[in-house]
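**Q**
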Amino acid sequence: MARTPLSSRLLSGLIAVGVVASLTLAPSAHAQINAYNPYADSQAHLPPVAPDGTLRWGTFYKSAAIQKAYERLWNLGACRNTNMAITVPVEMNKVAIDSLPEEDFRGVVVGTHGTIHGGMIAFTLADGPHADAPALVAALHPAGVSKLTVTGQLPVSALRPGLTVRVHARADRKGVVAEPLTTLEVITLPANFKPLAVEPDRMGTIVGTVMRITGGTLHMQVATGKLRRLAIPLAPDAVATIDAGQLDLVAPGDLVSLTGRVWRGEGCFGEGTVFASVVTLTKPEPRAP
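As numbered in this note's numbering, residues 5 to 293 make up the sequence shown, in order.
1. So, Val-169 versus Leu-234, is the Cβ gap smaller than 8 angstroms?
2. Taking the DSSP output, what are the residues bridged to Arg-233?
3. With a 10 Å radius around its C-beta and 16 neighbouring C-beta atoms as the bar for buried, classify Phe-64 as buried or exposed.
4. Check this for me: beta carbons of Ile-125 and Val-283, under 8 angstroms apart or not?
5. Pair every Cβ in the stretch 150–157 with every Cβ in the stretch 211–223, then say whether three or more of these pairs are closer than 8 angstroms.
6. Excluding the five sequence neighbours on either side, which residues of its own chain have a C-beta within less than 6 angstroms of the C-beta of Glu-106, listed in chain order?
7. Using the rule of at least 16 other Cβ atoms within 10 Å of the residue's Cβ for burial, across every protein chain shown, is Met-224 buried or exposed?
8. Count the other C-beta atoms from every protein chain shown that fall within 10 angstroms of the C-beta of Gly-257, then say buried if there are 16 or more, exposed otherwise.
9. CB Thr-228 to CB Ala-195, shorter than 8 angstroms?
10. Find out if the Cβ-Cβ distance for the pair Asn-97, Lys-72 is shorter than 8 angstroms.
11. I'd like the span of the beta strand (DSSP E) that includes Ser-261, first residue to last.
12. Using only alpha-carbon positions, find the residue among Ile-236, Leu-144, Met-207, Leu-253 that is nearest to Ile-217.
13. What are the residues that DSSP puts in a beta bridge with Leu-158?
14. Near Leu-285, which residues of its chain fall below 6 angstroms by C-beta distance, leaving aside the five closest residues on each side in sequence?
15. What's the C-alpha gap between Gly-57 and Gly-179?
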């Protein structure tokens, strides 16, 4: 059974453990996971989510090279489904993802690549990212409709510019918060989110973007209102919790629980490609000092 080795270029650092990284994956997961390819099948033009909530994946190509060559011939007008020497291998190259069996998995993340739109998560079923543990790869839907949830705690020192955070605080008219913050949340904003202005000298919930952390102070930016920049002191034992849907918040060692359709045949990544519909990732409990 031929499996596609994971590209060192595509997954640099993603599979340092558990899967051999070699050659290239052309040029990304979208080359093999493509729900909208006109040469795939009649399902390609349907919405990515069915009325009952089921994800539509379309076609997986065991060999991206075969499909690419066929599309090139089609575009040149050299092939119109009449040459069996071409069309038979092309049809044999296709896997209808939506007909694959669905399974549940629990494991430990060894690496990630990309975003919610077609990103990938490599994980092992062992109790940790051991060097000899075989890994599977969960592929997220290219349309961004896989349900991804990341929870747990994050060291405040790990907060980086651009992350969206929610705090409960009172800022003065200069945007300075006097009371040190003990907790804050890292979140992913829904598409229909409408930011609220910060009202000076009033305790309330504030949603903004991390600018930087310097000298134990969180500097954050708010999208609306007169107070756009806040300076919030952090307590020495401040804790950041995560309730988000971003793949860039996932790290090796995180616990993963997922449900997806599995392909273990030719062209799969590692021990199997899991086309994931639901993925829940949990940060491990912080170790006691």
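C-beta atoms are modelled at their ideal positions from N, C-alpha and C, and glycine is treated no differently.
Treat the numbers as computed from the prediction; the structure is a model and nothing was measured.
**A** Working from what's here:
1. By 1-based counting over the sequence shown, the position of residue 169 is 165. By 1-based counting over the sequence shown, the position of residue 234 is 230. Contact: no.
2. Sequence index remark: in the sequence shown, residue 233 carries index 229 (1-based). Gln-225.
3. Residue 64 sits at position 60 when you count from the first residue of the sequence shown. By the neighbour-count rule (16 or more Cβ atoms within 10 Å), Phe-64 is buried.
4. As a first step, residue 125 is located in the sequence shown; it is residue number 121 there, counting from the start. As a first step, residue 283 is located in the sequence shown; it is residue number 279 there, counting from the start. Yes, Cβ-Cβ distance for Ile-125 and Val-283 is below 8 angstroms.
5. no
6. Stepping through the sequence shown from its first residue, residue 106 is reached at position 102. Within the same chain, Glu-106 has close Cβ partners Arg-265.
7. The residue you call residue 224 lines up with position 220 of the sequence shown. Flag for Met-224 reads buried.
8. Position 253 of the sequence shown, counting from 1, holds the residue named residue 257. With fewer than 16 other Cβ atoms within 10 Å, it is exposed.
9. Locating residue 228 in the sequence shown gives position 224, where the first residue counts as 1. Locating residue 195 in the sequence shown gives position 191, where the first residue counts as 1. No; because the gap between Cβ atoms is not below 8 angstroms, this pair is not in contact.
10. Numbered from its first residue, the sequence shown carries residue 97 at position 93. Numbered from its first residue, the sequence shown carries residue 72 at position 68. No. Outside cutoff.
11. By 1-based counting over the sequence shown, the position of residue 261 is 257. 259–267 is the extent of the beta strand (DSSP E) around Ser-261.
12. Numbered from 1 along the sequence shown, position 213 holds the residue referred to as residue 217. Taking only the C-alpha atoms, the option nearest Ile-217 is Ile-236.
13. Walking along the sequence shown from the start, residue 158 turns up at place 154. Answer by DSSP bridge pairing, in chain order: Ala-244.
14. As a working mapping, residue 285 is identified with position 281 in the sequence shown. Around Leu-285: Val-154, Val-254, Asp-258, Val-260.
15. Within the sequence shown, numbered from 1, the residue matching residue 57 stands at position 53. Within the sequence shown, numbered from 1, the residue matching residue 179 stands at position 175. Cα to Cα, Gly-57 sits roughly 44 angstroms from Gly-179.
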